[in-house]
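Protein chains in written order, with our numbering: chain A, 5 to 237; chain B, 102 to 721. Contents: one structure, followed by commentary.
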Ligand SMILES: Nc1ncnc2c1ncn2[C@@H]1O[C@H](COP(=O)(O)OP(=O)(O)O)[C@@H](O)[C@H]1O
Ligand SMILES: [Mg+2]
């Protein structure tokens with residue numbers, strides 16, 4: 005469904021991603037793992053073309069999307085949930101959802117506000133509150149809900165469990181499991197295995213922008229030394 | 102009481118056009134981050150186009166139809182400008198787009214002159230609204246009442262669009278984080294074009310609506326621009342209610358000012374603005390500009406390096422060629438060279454604070470013209486010898502810069518820029534309206550240099566020494582620890598503070614030094630011309646310096662000088678033609694699109710490409 009082929013990305017002269025290659029199959033949850041600064045966010049941005057890879061290609065559903073404008077990438081069905089959340093703090097919850105709204109897409113769930121409020125009951129109560137009034141967990145839910153309004157077939161989740169309460173993390177796990185059950189493909193980035201363990205099918209581990217491991221969760225479990233070398237506890 | 106109410110009503114009526122233009126500017130800035138200096142030009146176009154349409158279309162339907170059509174037509178022209186001029190430069194360094202909008206101003210000025218001629222046009226009166234109504238005995242034009250009623254509807258419509266529709270939601274979202282809006286599947290290019298169309302259409306509508314009151318003339322563009330900036334700054338960038346409230350405050354104040362303080366109507370506006378900003382730095386309804394919030398990742402800044410031997414030799418040869426000018430060139434060329442030198446010093450002083458300090462000032466002419474006026478006032482009113490008056494020019498300008506800088510540096514980014522413009526306009530209006538002392542529009546004349554400097558050639562050497570000396574001094578400071586501190590404050594204020602740099606003080610000193618040097622240039626200017634007029638303090642003069650710095654290249658130290666020489670040289674050739682503004686404007690736009698790194702920057706990149714220069718080497 006999504007394939008990265010020898011991606012190299014830069015910030016100015018800093019070489020941040022080094023020949024990164026991996027693929028995600030339809031309906032899978034792929035965990036992109038690595039410590040802080042490993043290059044996870046840059047990988048996500050390189051897929052969305054918010055950072056343009058200098059060499060290498062990103063292929064989505066058989067189309068080469070490298071170099072495309074970000075809004076076109078999004079229109080093809082890639083939904084991006086950024087690490088910093090970037091909700092529109094001056095807009096209400098409903099208005100934030102409106103920004104994300106896109107027409108229905110064949111082969112994916114067509115989300116409505118009500119369906120999202122079922123998925124995230126906390127948001128329903130706060131629908132008329134401005135983004136800046138929300139708690140960190142609520143903001144995270146809103147970011148995901150906003151992206152789902154675009155009816156994506158593929159979701160990029162950048163460290164969704166970062167800085168939110170354990171109860172809400174559990175809720176996130178259930179949400180991702182439901183998305184997966186709905187047929188969505190997910191690329192999830194995390195610094196450790198706590199969250200990924202519950203949802204991931206395969207894992208990719210990066211360190212300083214280079215790929216160190218690619219394999220299923222079971223294969224990774226069989227190599228605790230890899231986990232210890234490249235992941236946070 | 103009746104008079105009081107009548108004046109408030111007149112003020113409210115005048116607020117209409119101001120509000121429409123200001124809200125358009127504010128919307129465009131919010132989404133595209135471009136301060137559209139050409140906004141006043143679209144307002145002017147609205148008036149002219151409306152005028153022509155009213156000649157053709159008959160009756161009341163024709164009159165109101167003409168106003169609507171003028172707004173639409175200006176919106177279409179706005180789209181044209183956005184697509185042809187701005188789109189190619191969105192990815193250029195921040196604020197570079199400004200220069201493109203300066204180019205648009207010039208082009209529109211000459212096109213208007215070409216189509217509608219130089220005469221002021223008297224606006225037709227609205228059919229059926231010719232007389233006055235009496236409110237408590239005071240006459241109020243019926244058209245004012247109509248404007249009073251119309252404006253809130255326009256405001257309401259705009260408010261509805263922005264708060265209740267999907268387009269409005271997207272506009273507000275993009276005002277906060279346009280990249281994220283793009284990542285959610287919204288085509289930003291369309292959003293930008295749409296907002297530009299809406300903003301310029303509003304300006305055009307405002308221009309057409311005020312026709313029966315103010316008519317159409319070629320000065321409208323700059324005249325409204327100042328008031329619009331003041332309104333936007335007082336109201337808060339990006340806030341519609343703020344723009345409305347501020348437009349009303351300014352317009353009402355203005356009406357009272359005309360009655361009670363006819364000498365100070367312009368000054369009043371700026372006093373109010375400064376007062377508001379002292380209490381609410383981001384305007385009545387504005388919110389703080391967060392640096393880097395909308396930031397693009399560009400190329401990292403290259404470090405400036407002291408000039409190498411080769412470059413020094415080259416510069417030395419250049420100065421020697423100039424110094425030998427009296428041997429081979431006419432007196433006329435020496436006068437032109439003096440002009441260019443003075444202008445280069447002025448541009449270099451702006452470049453110093455803009456390039457090195459990241460302090461974008463829209464009002465640097467305050468110190469150039471200010472210096473010139475200090476010297477001229479000393480000569481006129483104190484009979485002081487030329488030498489003393491001349492020395493006081495940079496000192497006076499420097500002191501003014503320290504005071505103005507102290508106030509402006511409380512703000513950052515676009516608010517800082519607008520505040521500098523407002524102060525420059527304040528000084529301009531003081532000089533313009535305080536005719537007893539400053540000569541007002543007639544300027545101050547007979548300001549000639551001392552006996553020993555009378556000779557053109559001698560004065561040329563005098564200007565050469567001081568300009569080159571001033572520029573070298575600025576370069577020297579740039580490479581001193583102070584220059585490094587200034588750059589550190591520009592690149593990361595927080596980090597600089599952490600290493601013990603008092604960033605505000607460093608920036609204030611830089612502002613003061615830039616003002617001093619501009620004052621020196623102003624002092625040279627007044628004695629080279631023998632006179633000074635308020636237009637040396639005008640926005641247009643500040644824009645000249647900005648254009649030069651951006652065209653020359655912000656990132657290279659030679660930028661100010663190269664741009665100055667280029668600009669003055671080209672201008673000198675172009676002003677001989679009738680439509681030189683059109684040519685200059687087009688030239689500016691073309692340079693902006695083709696050479697986004699400025700003249701020096703682009704030349705250097707080209708040199709690197711063909712291997713003449715090592716990468717990263719500074720040619721300055
Ligand atoms: N905007 C940027 N400019 C320059 N360097 C950056 C930028 N963003 C990230 N980096 C650098 O790129 C590397 C990878 O960062 P990132 O992709 O954010 O890692 P992760 O998401 O795994 O924490 C880090 O060394 C980081 O410092
Ligand atoms: Mg990250």
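Backbone N, C-alpha and C fix where the C-beta goes; we use that ideal spot for every residue, glycine too.
Whether residue i touches residue j by CB criterion (8 Å)
{"i": "residue 67 (chain A)", "j": "residue 48 (chain A)", "result": "no"}
{"i": "residue 167 (chain B)", "j": "residue 331 (chain B)", "result": "no"}
{"i": "residue 573 (chain B)", "j": "residue 480 (chain B)", "result": "no"}
{"i": "residue 628 (chain B)", "j": "residue 487 (chain B)", "result": "yes"}
{"i": "residue 531 (chain B)", "j": "residue 368 (chain B)", "result": "yes"}
{"i": "residue 199 (chain A)", "j": "residue 179 (chain A)", "result": "no"}
{"i": "residue 631 (chain B)", "j": "residue 538 (chain B)", "result": "no"}
{"i": "residue 312 (chain B)", "j": "residue 191 (chain B)", "result": "no"}
{"i": "residue 682 (chain B)", "j": "residue 207 (chain B)", "result": "yes"}
{"i": "residue 643 (chain B)", "j": "residue 551 (chain B)", "result": "no"}
{"i": "residue 622 (chain B)", "j": "residue 463 (chain B)", "result": "no"}
{"i": "residue 221 (chain A)", "j": "residue 231 (chain A)", "result": "no"}
{"i": "residue 145 (chain B)", "j": "residue 213 (chain B)", "result": "yes"}
{"i": "residue 199 (chain B)", "j": "residue 136 (chain B)", "result": "yes"}
Coarse secondary structure for residue i, derived from DSSP in three states
{"i": "residue 235 (chain B)", "result": "strand"}
{"i": "residue 383 (chain B)", "result": "coil"}
{"i": "residue 669 (chain B)", "result": "helix"}
{"i": "residue 397 (chain B)", "result": "At residue 397 (chain B), the pLDDT of 37 sits below 50, so the modelled position is not reliable and the matter cannot be decided from this model."}
{"i": "residue 196 (chain A)", "result": "coil"}
{"i": "residue 311 (chain B)", "result": "coil"}
{"i": "residue 546 (chain B)", "result": "strand"}
{"i": "residue 392 (chain B)", "result": "Caution applies to residue 392 (chain B), whose pLDDT of 44 falls short of 50 and renders its modelled position unreliable; the value that the coordinates give is listed next. Reduced to three states, the DSSP call for residue 392 (chain B) is coil."}
{"i": "residue 94 (chain A)", "result": "coil"}
{"i": "residue 55 (chain B)", "result": "This structure cannot speak to residue 55 (chain B), because chain B is shown only from 102 to 721."}
{"i": "residue 318 (chain B)", "result": "coil"}
{"i": "residue 1 (chain A)", "result": "Residue 1 (chain A) lies beyond the stretch modelled for chain A, which goes from 5 to 237, so this question has no answer here."}
{"i": "residue 12 (chain A)", "result": "strand"}
{"i": "residue 435 (chain B)", "result": "helix"}
{"i": "residue 61 (chain B)", "result": "Outside the displayed range of chain B (102 to 721) lies residue 61 (chain B), so it cannot be described from this structure."}
Selection from the options that minimises the alpha carbon distance to residue i
{"i": "residue 604 (chain B)", "options": "B:513, B:669, B:687, B:306", "result": "B:513"}
{"i": "residue 353 (chain B)", "options": "B:290, B:340, B:434, B:373", "result": "B:373"}
{"i": "residue 506 (chain B)", "options": "B:534, B:537, B:611", "result": "B:611"}
{"i": "residue 650 (chain B)", "options": "B:183, B:451, B:306", "result": "B:451"}
{"i": "residue 29 (chain A)", "options": "A:23, A:188, A:213", "result": "A:188"}
{"i": "residue 9 (chain A)", "options": "A:98, A:193, A:64", "result": "A:64"}
{"i": "residue 616 (chain B)", "options": "B:596, B:599, B:646", "result": "B:646"}
{"i": "residue 211 (chain A)", "options": "A:22, A:190, A:7, A:6", "result": "A:22"}
{"i": "residue 333 (chain B)", "options": "B:238, B:516, B:305, B:444", "result": "B:516"}
{"i": "residue 147 (chain A)", "options": "A:230, A:202, A:71, A:102", "result": "A:102"}
{"i": "residue 379 (chain B)", "options": "B:160, B:675, B:511", "result": "B:511"}
{"i": "residue 193 (chain A)", "options": "A:85, A:125, A:15", "result": "A:85"}
6 Å CB neighbourhood of residue i in its chain, flanking five on each side removed
{"i": "residue 170 (chain B)", "result": "154"}
{"i": "residue 370 (chain B)", "result": "331, 351"}
{"i": "residue 114 (chain B)", "result": "245, 248, 249"}
{"i": "residue 275 (chain B)", "result": "132, 282, 292"}
{"i": "residue 578 (chain B)", "result": "584"}
{"i": "residue 158 (chain B)", "result": "166, 167"}
{"i": "residue 189 (chain B)", "result": "694"}
{"i": "residue 4 (chain A)", "result": "An answer regarding residue 4 (chain A) cannot be provided, because it is not within the stretch 5 to 237 covered by chain A."}
{"i": "residue 61 (chain B)", "result": "For residue 61 (chain B) there is no data in the structure shown, the boundaries of chain B being 102 and 721."}
CB contact check: residue i to chain D, cutoff 8 Å
{"i": "residue 52 (chain A)", "result": "The structure shown contains no chain D; its protein chains are A and B."}
Close Cβ partners of residue i (< 8 Å) along its chain, the five nearest in sequence each way excluded
{"i": "residue 386 (chain B)", "result": "336, 337, 340, 342, 343, 346"}
{"i": "residue 426 (chain B)", "result": "434, 435, 438, 561"}
Same chain only: Cβ atoms within 7 Å of residue i, ignoring 5 sequence neighbours per side
{"i": "residue 491 (chain B)", "result": "476, 624, 628"}
{"i": "residue 87 (chain A)", "result": "45, 162, 163, 166"}
Taking only beta carbons into account, state which residues of the segment 337-348 of chain B come closer than 7 Å to chain A, listed in chain order. none
Could you list the residues in the segment 357-382 of chain B with a C-beta less than 7 Å from some C-beta on chain A, going in chain order? none
Closer than 7 Å between beta carbons: that is the criterion. Which residues of the segment 280-310 of chain B meet it against chain A? 280, 281, 282, 283, 284, 285, 286, 287, 288, 289
Can you pull out the residues from the segment 517-535 of chain B whose beta carbon lies closer than 8 Å to at least one beta carbon of chain A? none
So if I threshold CB-CB distances at 7 Å, which residues from the segment 261-280 of chain B count as touching chain A? 267, 270, 271, 273, 274, 277, 278, 280
Got a sec: which bits of the segment 38-71 of chain A sit with their beta carbon under 7 Å from any beta carbon on chain B, in order along the chain? 52, 54
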